[in-house]
Amino acid sequence: MDILIDLFYGDVGKGRLIDYLASDYDMVCRFNGSNNAGHVVYNQGVKYILHIIPSGILQEKVCVIGNGCVVNPLSIISELEQFKDIGFNPLNYIYVSDKAHLITPADISADEMKDKIQKIGTTKSGNGIVYARKASREGFRILDIFKDDFKERYLAYSDSISKLYYTEILNDEFFNAIEWMKTKVKITATEYMVNNYIKNGKKVICEGAQGTLLDIDFGTYPYVTSSSTLAASACIGLGVSPKVVDRIFGVTKCYVTRVGNGEFDTELFGELSDKIIELGGEYGSTTGRKRRVGWLDMKLLQYSIMLNGVTDLCITKLDIFSQLEEFYVKDLNGDMVRFDSWGNVDISNWDNAPIEFRKFIEYISNTLEIKVSHISIGRDRNELIKL
Ligand code: IMP
Ligand code: MG
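Just so we're on the same page, my numbering is the position in the sequence shown counted from 1, plus 127.
What follows is the structure, given as structure tokens:
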């Protein structure tokens, strides 16, 4: 089993990498997070945004939403809308763990109200509320929707949140979605499926959500998400042994972005930041918020590589640097190192690529003593250099 992880604050281009890599795998699994994630994939020029459905769906791979995830049925329904004309039924490929926890409208309300005071800048998807309820043993699991008292128990919870925050919670659409889940979605003990795939020699890849520096333990607490985002949590979030893990792909952009609040040492402001936001399309795919941008920080990258045990480093968005004259990296000593851009020339062939381009990639690889396996130079599936 291989794992793909974001080494910064999310939005490094995991979705497009999984979509590219998926052709070599039989199963793509999500093990953490919820529809707070936004994975953008371009397929034949069409843009798809996936939030809880694994990015392997476009390649018609078996897709598992594991026990470590928290699931909003309404998000699955709205994501599926995009696939109306795709020529296959995505629901034939999607399996949801019966042990994953359920995101309800009451959780979303609570997230919205709580963040007004706490100001983490959450995605308001209910994610953190549901993980907190899971840990305090109050949560609803997906398997609970099949129980007779589910509606009654949920309404009592919804009522309590409504009273606590003086807010109205609309549940009709949610109850319809629950009925749809019960009849149309494959809900099962996915741990058996994943382990059987591995036992039978099939290839499984796990798709992390959010980023290493948003991890609940190692991220910039309290400005973090509420799940573990590290490679190690793929095992717990799917119910497999760490013994089966093979390659660990770590993904970084050649610059850094962050949505939401929290520290950001190399952050840029003003004209240059606006330019990178425009060139890179750096707007949150879940919330539409403008992302904060800054230069690559090698110390943080080194830390994330260590925490995840990255075997293969993937660097994305190199095409954005083609359009700048120069750019910077914060080195391991904390000094800013200047690089000349290679300019707007063809960089798709590594052997003939301009020296400036190779120099930058080799700098990262040599400084961190890590193999760079993939470089992304555009958003389409084939705009990827495999080294
Ligand atoms: P939450 O996960 O919605 O509770 O938000 C907590 C923090 O994580 C906020 O700073 C969010 O902006 C950030 N966050 C959550 N999911 C993502 C993501 O997929 N990409 C980038 N940032 C995210
Ligand atoms: Mg994203």
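Every residue gets a Cβ at the ideal spot worked out from N, C-alpha and C, and that includes glycine.
- Query: In angstroms, rounded to a whole number, what distance separates the CA positions of residue 209 and residue 460?
  - Reply: Your numbering for residue 209 matches position 82 in the sequence shown. Your numbering for residue 460 matches position 333 in the sequence shown. If you take the alpha carbons of residue 209 and residue 460, they lie about 46 Å apart.
- Item | Counted within 10 angstroms of its Cβ, other Cβ atoms place residue 266 as buried (16 or more) or exposed | The sequence position of residue 266 within the sequence shown is 139, counting from 1. Buried.
- Item | Heavy atom of ligand 2 within 7 Å of residue 389 beta-carbon | Looking up residue 389 in the sequence shown gives position 262. Relative to ligand 2, the beta carbon of residue 389 is positioned no closer than 7 Å to any heavy atom.
- Item | Buried versus exposed, by CB contacts within 10 Å (16 or more), residue 235 | By 1-based counting over the sequence shown, the position of residue 235 is 108. Result: buried.
- Excluding the five sequence neighbours on either side, which residues of its own chain have a C-beta within less than 7 Å of the C-beta of residue 246, listed in chain order? Here residue 246 refers to the residue found at position 119 of the sequence shown. If we look at residue 246 and ignore the five residues flanking it on each side, its Cβ neighbours are 388.
- Taking all protein chains shown into account, decide if residue 472 is buried (16 or more other Cβ within 10 angstroms of its Cβ) or exposed. Indexing the sequence shown from 1 puts residue 472 at position 345. Exposed is the call here.
- Per DSSP, what kind of secondary structure is residue 348 in: helix, strand or coil? On the sequence shown, residue 348 is found 221 positions in, with the first residue counted as 1. Reduced to three states, the DSSP call for residue 348 is coil.
- Query: Is it right to say residue 378 is buried, meaning 16 or more other beta carbons lie within 10 angstroms of its own, or is it exposed?
  - Reply: Residue mapping note: residue 378 aligns to position 251 of the sequence shown, counting from 1. Burial call: buried.
- Task: Please list, in chain order, all residues of the same chain as residue 300 whose beta carbon is under 7 Å from its beta carbon, the five residues on each side excluded.
- Result: Locating residue 300 in the sequence shown gives position 173, counting from the first residue. Within its own chain, the residues whose Cβ lies closer than 7 Å to the Cβ of residue 300, once the five positions on either side in sequence are excluded, are 201, listed in chain order.
- Task: Check whether the Cβ atoms of residue 225 and residue 268 sit closer than 8 Å, and answer yes or no.
- Result: Here residue 225 refers to the residue found at position 98 when the sequence shown is read from its first residue. Here residue 268 refers to the residue found at position 141 when the sequence shown is read from its first residue. With contacts defined by Cβ atoms closer than 8 Å, residue 225 and residue 268 form a contacting pair.
- Residues of its chain near residue 358, where Cβ-Cβ distance is below 6 Å and the 5 sequence neighbours each way are ignored: Translated into the one-based positions of the sequence shown, residue 358 becomes position 231. Same-chain partners within the cutoff: 130, 132, 375, 435.
- Whole-angstrom distance between residue 313 and residue 271, CA atom to CA atom: Residue mapping note: residue 271 aligns to position 144 of the sequence shown, counting from 1. Residue mapping note: residue 313 aligns to position 186 of the sequence shown, counting from 1. Taking the straight line from one Cα to the other gives about 15 Å.
- Message: What I want to know is whether the C-beta of residue 351 ends up closer than 7 Å to one or more non-hydrogen atoms of ligand 1.
- Response: As a working mapping, residue 351 is identified with position 224 in the sequence shown. For residue 351, the CB falls within less than 7 Å of some heavy atom of ligand 1.
- Return the bridge partner residues of residue 133 from the DSSP annotation. Position 6 of the sequence shown holds residue 133. In DSSP, residue 133 forms a bridge with 378.
- Query: Does the distance from the CB of residue 229 to the CB of residue 198 come in under 8 Å?
  - Reply: Here residue 229 corresponds to residue number 102 of the sequence shown, with the count starting at 1. Here residue 198 corresponds to residue number 71 of the sequence shown, with the count starting at 1. Cβ atoms of residue 229 and residue 198: closer than 8 Å.
- Do three or more CB pairs link the segment 397-404 to the segment 356-372 at distances below 8 Å? By the Cβ test, the segment 397-404 is not in contact with the segment 356-372, since fewer than three Cβ pairs between them sit closer than 8 Å.
- Message: Between the segment 314-321 and the segment 204-219, can you find at least three pairs of beta-carbon atoms closer than 8 Å?
- Response: The segment 204-219 vs the segment 314-321: no contact.
- Query: Would you say the segment 444-460 touches the segment 174-181, given that touching needs at least three Cβ pairs under 8 Å?
  - Reply: No: the two stretches stay apart, fewer than three of their Cβ pairs being nearer than 8 Å.
- Query: With DSSP run on the structure shown, which of helix, strand or coil describes residue 394?
  - Reply: The count along the sequence shown starts at 1 and reaches residue 394 at position 267. Three-state result, residue 394: strand.
- Query: Are three or more beta carbon pairs between the segment 440-454 and the segment 488-496 nearer than 8 Å?
  - Reply: Yes, since at least three Cβ pairs between the segment 440-454 and the segment 488-496 fall closer than 8 Å, the two stretches touch.
- Task: Along the beta strand (DSSP E) that carries residue 422, what are the first and last residues, could you check?
- Result: Residue mapping note: residue 422 aligns to position 295 of the sequence shown, counting from 1. Membership of residue 422 in the beta strand (DSSP E) is indicated by the continuous run 419-424.
- Task: Measure from the alpha carbon of residue 500 to the alpha carbon of each residue in 362, 437, 240, then state which is nearest.
- Result: Sequence index remark: in the sequence shown, residue 500 carries index 373 (1-based). If we check each option's Cα against that of residue 500, 437 comes out closest.
- Measuring CA to CA, which of 254, 233, 346 is closest to residue 290? Your numbering for residue 290 matches position 163 in the sequence shown. Closest by C-alpha distance to residue 290, out of 254, 233, 346, is 233.
- Message: Would you say the beta carbon of residue 146 is closer than 7 Å to some non-hydrogen atom of ligand 2?
- Response: Counted from its first residue, the sequence shown places residue 146 at position 19. Not under cutoff, so the answer is no.
- What residue from 502, 214, 264, 262 has the CA that sits closest to residue 477's CA? Within the sequence shown, the letter at position 350 stands for residue 477. Nearest option by C-alpha distance: 502.
- Task: Would you check whether ligand 1 has a heavy atom nearer than 7 Å to the C-beta of residue 136?
- Result: For the purposes of this step, residue 136 is taken as the residue at position 9 of the sequence shown. Checking the Cβ of residue 136 against ligand 1 gives yes.
- Task: Report the option in 137, 138, 181, 495 whose CA atom is closest to the CA atom of residue 331.
- Result: Along the sequence shown, read from residue 1 onward, the residue named residue 331 stands at position 204. When 137, 138, 181, 495 are compared, the shortest CA-CA separation from residue 331 is found for 181.
- Task: Have a look at residue 169 and residue 242 and give me their C-alpha separation to the nearest angstrom.
- Result: On the sequence shown, residue 169 is found 42 positions in, with the first residue counted as 1. On the sequence shown, residue 242 is found 115 positions in, with the first residue counted as 1. When rounded, the distance between both Cα atoms is 32 Å.
- Could you check the C-alpha separation between residue 416 and residue 160 for me, to the nearest Å? Here residue 416 is taken as the residue at index 289 of the sequence shown, counted from 1. Here residue 160 is taken as the residue at index 33 of the sequence shown, counted from 1. Roughly 19 Å separates the two Cα atoms.
- Query: Straight-line CA distance for residue 380 to residue 409?
  - Reply: In the sequence shown, residue 380 corresponds to position 253, counting from 1. In the sequence shown, residue 409 corresponds to position 282, counting from 1. Whole-angstrom Cα-Cα distance: 12 Å.
- Query: Does the beta-carbon distance from residue 149 to residue 183 come in below 8 Å?
  - Reply: Here residue 149 refers to the residue found at position 22 when the sequence shown is read from its first residue. Here residue 183 refers to the residue found at position 56 when the sequence shown is read from its first residue. If you check the CB distance, residue 149 and residue 183 come in under 8 Å.
- Item | Alpha-carbon spacing of residue 370 relative to residue 321, whole angstroms | Position 243 of the sequence shown, counted from the first residue, corresponds to residue 370. Position 194 of the sequence shown, counted from the first residue, corresponds to residue 321. Answer to the nearest angstrom: the Cα atoms are 14 Å apart.
- Message: Considering just the uninterrupted stretch of the alpha helix (DSSP H) at residue 488, what are its terminal residues?
- Response: Here residue 488 corresponds to residue number 361 of the sequence shown, with the count starting at 1. Membership of residue 488 in the alpha helix (DSSP H) is indicated by the continuous run 482-495.
- Would you kindly work out how many angstroms separate the C-alpha atoms of residue 425 and residue 283, rounded to a whole number? Residue numbering aside, residue 425 sits at position 298 when the sequence shown is read from its first letter. Residue numbering aside, residue 283 sits at position 156 when the sequence shown is read from its first letter. One Cα belongs to residue 425, the other to residue 283, and the distance between them is close to 49 Å.
- Query: Just to confirm, does residue 248 get its C-beta within under 7 Å of one of the non-hydrogen atoms of ligand 1?
  - Reply: To locate residue 248, count along the sequence shown from 1; it is residue 121. Flag set: Cβ of residue 248 near ligand 1.
- How big is the Cα-Cα spacing for residue 189 and residue 145? As a working note, residue 189 is residue 62 in the sequence shown. As a working note, residue 145 is residue 18 in the sequence shown. Spanning the two alpha carbons is a distance of roughly 13 Å.
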